[in-house]
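**Student:** I'd like to ask some things about the structure below.
2 protein chains.
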Amino acid sequence: MGLMGSTTDEKEEAASSPMRTAETILRLVPMALCISALVLMLKNSQTNDFGSLSYSDLCAFRYLVHANGICAGYSLLSAVIVAMPRPSTMSKAWTFFFLDQVLTYIILAAAAVSVEVLYLARKGDTSITWSAVCVSFGGFCHKATASAIITFAVVACYILLSLLSSYKLFSRFSAPAISYPGKDIEIAGCQG
Amino acid sequence: MGLMGSTTDEKEEAASSPMRTAETILRLVPMALCISALVLMLKNSQTNDFGSLSYSDLCAFRYLVHANGICAGYSLLSAVIVAMPRPSTMSKAWTFFFLDQVLTYIILAAAAVSVEVLYLARKGDTSITWSAVCVSFGGFCHKATASAIITFAVVACYILLSLLSSYKLFSRFSAPAISYPGKDIEIAGCQG
Numbered sequence: 001m002g003l004m005g006s007t008t009d010e011k012e013e014a015a016s017s018p019m020r021t022a023e024t025i026l027r028l029v030p031m032a033l034c035i036s037a038l039v040l041m042l043k044n045s046q047t048n049d050f051g052s053l054s055y056s057d058l059c060a061f062r063y064l065v066h067a068n069g070i071c072a073g074y075s076l077l078s079a080v081i082v083a084m085p086r087p088s089t090m091s092k093a094w095t096f097f098f099l100d101q102v103l104t105y106i107i108l109a110a111a112a113v114s115v116e117v118l119y120l121a122r123k124g125d126t127s128i129t130w131s132a133v134c135v136s137f138g139g140f141c142h143k144a145t146a147s148a149i150i151t152f153a154v155v156a157c158y159i160l161l162s163l164l165s166s167y168k169l170f171s172r173f174s175a176p177a178i179s180y181p182g183k184d185i186e187i188a189g190c191q192g
Numbered sequence: 001m002g003l004m005g006s007t008t009d010e011k012e013e014a015a016s017s018p019m020r021t022a023e024t025i026l027r028l029v030p031m032a033l034c035i036s037a038l039v040l041m042l043k044n045s046q047t048n049d050f051g052s053l054s055y056s057d058l059c060a061f062r063y064l065v066h067a068n069g070i071c072a073g074y075s076l077l078s079a080v081i082v083a084m085p086r087p088s089t090m091s092k093a094w095t096f097f098f099l100d101q102v103l104t105y106i107i108l109a110a111a112a113v114s115v116e117v118l119y120l121a122r123k124g125d126t127s128i129t130w131s132a133v134c135v136s137f138g139g140f141c142h143k144a145t146a147s148a149i150i151t152f153a154v155v156a157c158y159i160l161l162s163l164l165s166s167y168k169l170f171s172r173f174s175a176p177a178i179s180y181p182g183k184d185i186e187i188a189g190c191q192g
């Protein structure tokens with residue numbers, strides 16, 4: 001029994017190491033992407049004959065910068081915690097699960113509002129007399145679009161991360177009683 | 001053994017019925033909310049001295065209407081499927097999990113872009129000469145705000161539903177091998 005236990009341990013050690021490495025990488029990738037999107041947007045300003053435009057003039061882009069900053073910080077912190085070979089407790093699983101979900105929603109909302117503002121800036125809206133800003137500030141719009149696309153890549157990473165953390169949390173629970181009423185009746189019939 | 005089997009069945013039948021009812025209600029509530037948000041936005045148009053404005057003039061609100069329509073349809077369909085006392089298969093759990101997640105992201109994006117457009121319409125943006133439309137079209141903005149708030153209630157319901165469906169799916173899996181290396185070593189030590 002003792003031998004079996006240690007064999008299981010070795011197996012678990014062997015299995016956990018690549019899984020932990022994979023999760024650490026999956027958390028470091030969005031960190032790099034967040035920083036790229038953040039720097040690209042922070043440096044995004046254009047001055048020409050029409051005036052000057054910077055990311056801080058639009059609340060959607062300010063929100064994008066903040067969301068990417070928070071996301072980069074959390075990604076780094078969570079990657080460090082995952083990389084450490086500590087036992088995974090229930091409270092840690094709940095915290096990762098909760099924060100991964102929240103970050104996914106925050107970063108998705110940031111990407112969505114940025115795309116909406118870029119769409120309005122590109123096409124304009126004649127019925128409410130909003131002009132197509134991108135006609136005058138093409139360079140600004142290009143960089144902002146690149147930043148929004150990178151943010152969507154972050155969203156994809158975070159969707160994967162929230163799937164992973166919900167799997168790691170909920171696989172510890174037993175299946176709900178509702179699961180297989182039909183199958184159970186069948187088994188009971190066979191045994192009776 | 002047969003008696004034990006049927007007792008378990010009875011327990012499961014008793015436990016599954018309130019759970020199924022609760023899930024059905026949790027799926028019917030967002031359906032009602034989606035239809036309210038959809039009808040409110042569809043009927044939202046205002047004509048005055050400045051001109052006329054309808055929801056279809058803004059792509060964010062057109063997206064909100066479509067998202068709410070899709071969400072209402074899916075909520076009704078999924079509520080009907082959940083309400084039927086059929087055995088829950090693995091493919092059904094995967095389908096619910098996948099679609100609940102997708103719908104959560106779609107409806108969250110719709111709510112976020114609507115709030116962004118409403119913010120711009122209320123405050124305007126002097127640096128890009130976008131006027132504050134809500135000054136001229138107050139009634140339109142009020143109804144659109146109400147519709148966006150209702151959509152956020154739908155988002156809250158769908159966050160709960162996607163938690164529930166990920167619990168129902170992942171609790172069928174066993175915990176990953178990484179879980180408790182420390183605890184396992186302790187048990188092995190006690191047994192050896």
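Those sequence lines, one after another, are chains R and Y.
Under full-length UniProt numbering, the first residue of the first sequence is numbered 1, with each subsequent residue one higher.
Under full-length UniProt numbering, the first residue of the second sequence is numbered 1, with each subsequent residue one higher.
Glycine included, C-beta positions come from ideal geometry on N, C-alpha and C.
According to a CB-to-CB cut-off of less than 7 Å, which residues of the segment 120-134 of chain R neighbour chain Y?
**Tutor:** D125, S127, I128, T129, W130, S131, V133
**Student:** Since Y/N44 contacts Y/A153 with CB under 8 Å, what's their CB separation in whole angstroms?
**Tutor:** Within the second sequence, residue 44 of chain Y is the residue found at index 44, counting from 1. Within the second sequence, residue 153 of chain Y is the residue found at index 153, counting from 1. Contact between Y/N44 and Y/A153 fails: their C-beta atoms lie close to 18 Å from each other, not under 8 Å.
**Student:** When you compare the segment 95-103 of chain Y with the segment 47-59 of chain Y, are there three or more beta-carbon pairs, one atom per stretch, that lie closer than 8 Å?
**Tutor:** no
**Student:** Is the Cβ of R/S179 closer than 8 Å to any Cβ of chain Y?
**Tutor:** Here the question's residue 179 of chain R lines up with position 179 in the first sequence. Any answer about R/S179 is weak, because its pLDDT of 43 lies below 50 and its placement is not dependable; what the coordinates show is given next. Chain Y contact via Cβ: present.
**Student:** Compile a chain-ordered list of the residues in the segment 46-63 of chain R whose CB is closer than 7 Å to at least one CB of chain B.
**Tutor:** Of the protein chains in this structure, namely R and Y, none is chain B.
**Student:** For chain Y, check one thing: does any of its Cβ atoms lie closer than 8 Å to the Cβ of R/A79?
**Tutor:** Numbered from 1 along the first sequence, position 79 holds the residue referred to as residue 79 of chain R. Chain Y, which has no Cβ nearer than 8 Å to the Cβ of R/A79, makes this no.
**Student:** Where DSSP assigns a beta bridge to R/S45, which residues make up the other side?
**Tutor:** Numbered from 1 along the first sequence, position 45 holds the residue referred to as residue 45 of chain R. Paired residues: R/S54.
**Student:** So if I threshold CB-CB distances at 9 Å, which residues from the segment 152-178 of chain R count as touching chain Y?
**Tutor:** V155, I159, S162, L163, S166, Y167, K168, L169, F170, S171, R172, F173, S174, A175, P176, A177, I178
**Student:** Let me see if you follow: with CB-CB separation under 8 Å, is R/V117 close to chain Y or not?
**Tutor:** As a position in the first sequence, residue 117 of chain R is number 117, starting the count at 1. Yes - at least one Cβ of chain Y is within 8 Å of the one on R/V117.
**Student:** Have a look at Y/G138 and Y/S131 and give me their C-alpha separation to the nearest angstrom.
**Tutor:** Here residue 138 of chain Y corresponds to residue number 138 of the second sequence, with the count starting at 1. Here residue 131 of chain Y corresponds to residue number 131 of the second sequence, with the count starting at 1. If you take the alpha carbons of Y/G138 and Y/S131, they lie about 13 Å apart.
**Student:** Does any C-beta atom of chain R lie closer than 8 Å to the C-beta of Y/A83?
**Tutor:** In the second sequence, counting from the first residue as 1, residue 83 of chain Y sits at position 83. No, no contact with chain R.
**Student:** Of the residues that make up the segment 86-119 of chain R, which ones have a beta carbon closer than 7 Å to any beta carbon in chain Y?
**Tutor:** P87, S88, Y105, L108, A109, A112, V113, E116, V117, Y119
**Student:** Taking a contact to mean a Cβ-Cβ separation below 8 Å, would you say Y/S165 touches Y/D100 in this structure?
**Tutor:** The count along the second sequence starts at 1 and reaches residue 165 of chain Y at position 165. The count along the second sequence starts at 1 and reaches residue 100 of chain Y at position 100. Yes; because the gap between Cβ atoms is below 8 Å, this pair is in contact.
**Student:** Who pairs with R/W94 in a beta bridge, going by DSSP?
**Tutor:** Taking the first residue of the first sequence as position 1, residue 94 of chain R is located at position 94. Note: R/W94 sits in no beta bridge, so no partner.
**Student:** So who's on the other strand from R/D125, going by DSSP bridges?
**Tutor:** Residue mapping note: residue 125 of chain R aligns to position 125 of the first sequence, counting from 1. DSSP, once it has assigned bridges, lists R/W130 as partnering R/D125.
**Student:** Relative to the C-alpha of Y/L28, which residue among Y/F61, Y/V82, Y/C134 is closest?
**Tutor:** As a first step, residue 28 of chain Y must be located in the second sequence, where it is residue number 28. When each option's Cα is compared against that of Y/L28, the closest is Y/V82.
**Student:** Considering only C-alpha positions, which residue in the set Y/V39, Y/S127, Y/Y167, Y/Y105 is nearest to Y/Y158?
**Tutor:** Along the second sequence, read from residue 1 onward, the residue named residue 158 of chain Y stands at position 158. That would be Y/Y105, whose Cα lies nearest to the Cα of Y/Y158.
**Student:** Cβ atoms of R/L53 and Y/I128: under 8 Å apart, would you say?
**Tutor:** The residue you call residue 128 of chain Y lines up with position 128 of the second sequence. The residue you call residue 53 of chain R lines up with position 53 of the first sequence. Yes, these two residues count as a Cβ contact at 8 Å.
**Student:** In whole angstroms, give me the CA-to-CA distance for Y/D57 and R/A72.
**Tutor:** Position 57 of the second sequence, counted from the start, is the residue given in the question as residue 57 of chain Y. Position 72 of the first sequence, counted from the start, is the residue given in the question as residue 72 of chain R. Their Cα atoms are separated by approximately 37 Å.
**Student:** In chain order, what residues of the same chain have a beta carbon less than 6 Å from the beta carbon of R/I187, not counting five sequence neighbours either side?
**Tutor:** On the first sequence, position 187 is the one that residue 187 of chain R refers to. In this predicted model, R/I187 has a pLDDT of only 38, less than 50, meaning its place in the structure is not dependable enough to derive any value.
**Student:** Should Y/G182 be flagged as near chain R, meaning a C-beta pair shorter than 8 Å?
**Tutor:** As a working mapping, residue 182 of chain Y is identified with position 182 in the second sequence. Only weak support is given to the placement of Y/G182: the predicted model assigns it a pLDDT of 43, under 50, and the value that follows is read from those uncertain coordinates. Chain R contact via Cβ: present.
**Student:** Look at the alpha carbon of R/T21 and the alpha carbon of R/R86, and state the distance between them as a whole number of angstroms.
**Tutor:** Looking up residue 21 of chain R in the first sequence gives position 21. Looking up residue 86 of chain R in the first sequence gives position 86. R/T21 and R/R86: Cα-Cα distance of roughly 13 Å.
**Student:** Report the three-state DSSP secondary structure of Y/F173 (helix, strand or coil).
**Tutor:** Here residue 173 of chain Y is taken as the residue at index 173 of the second sequence, counted from 1. It is coil, neither helix nor strand.
**Student:** What residues in its chain sit with their C-beta under 7 Å from that of R/I74, if we drop five residues either side in the sequence?
**Tutor:** Translated into positions along the first sequence, residue 74 of chain R becomes position 74. A quick correction: the sequence has Tyr, not Ile, at residue 74 of chain R. Excluding positions up to five away in sequence, the list reads L99, L103.
**Student:** Any idea what DSSP makes of R/S75, helix, strand or coil?
**Tutor:** For the purposes of this step, residue 75 of chain R is identified with residue 75 of the first sequence, where counting begins at 1. In this structure, R/S75 counts as helix in the three-state DSSP scheme.
**Student:** Can you give the Cα-Cα distance for R/K123 and R/L42, rounded to whole angstroms?
**Tutor:** Your numbering for residue 123 of chain R matches position 123 in the first sequence. Your numbering for residue 42 of chain R matches position 42 in the first sequence. One Cα belongs to R/K123, the other to R/L42, and the distance between them is close to 24 Å.
**Student:** Check whether the Cβ atoms of R/A146 and R/L40 sit closer than 8 Å, and answer yes or no.
**Tutor:** Your numbering for residue 146 of chain R matches position 146 in the first sequence. Your numbering for residue 40 of chain R matches position 40 in the first sequence. Their beta carbons are under 8 Å apart, which means R/A146 touches R/L40 by this criterion.
**Student:** For the candidate residues Y/I149, Y/E23, Y/S174, Y/S136, whose alpha-carbon lies nearest to that of Y/F61?
**Tutor:** Position 61 of the second sequence, counted from the first residue, corresponds to residue 61 of chain Y. Among Y/I149, Y/E23, Y/S174, Y/S136, the Cα nearest to that of Y/F61 belongs to Y/I149.
**Student:** So for R/R86, helix, strand or coil by DSSP?
**Tutor:** Numbered from its first residue, the first sequence carries residue 86 of chain R at position 86. Correct three-state label for R/R86: coil.
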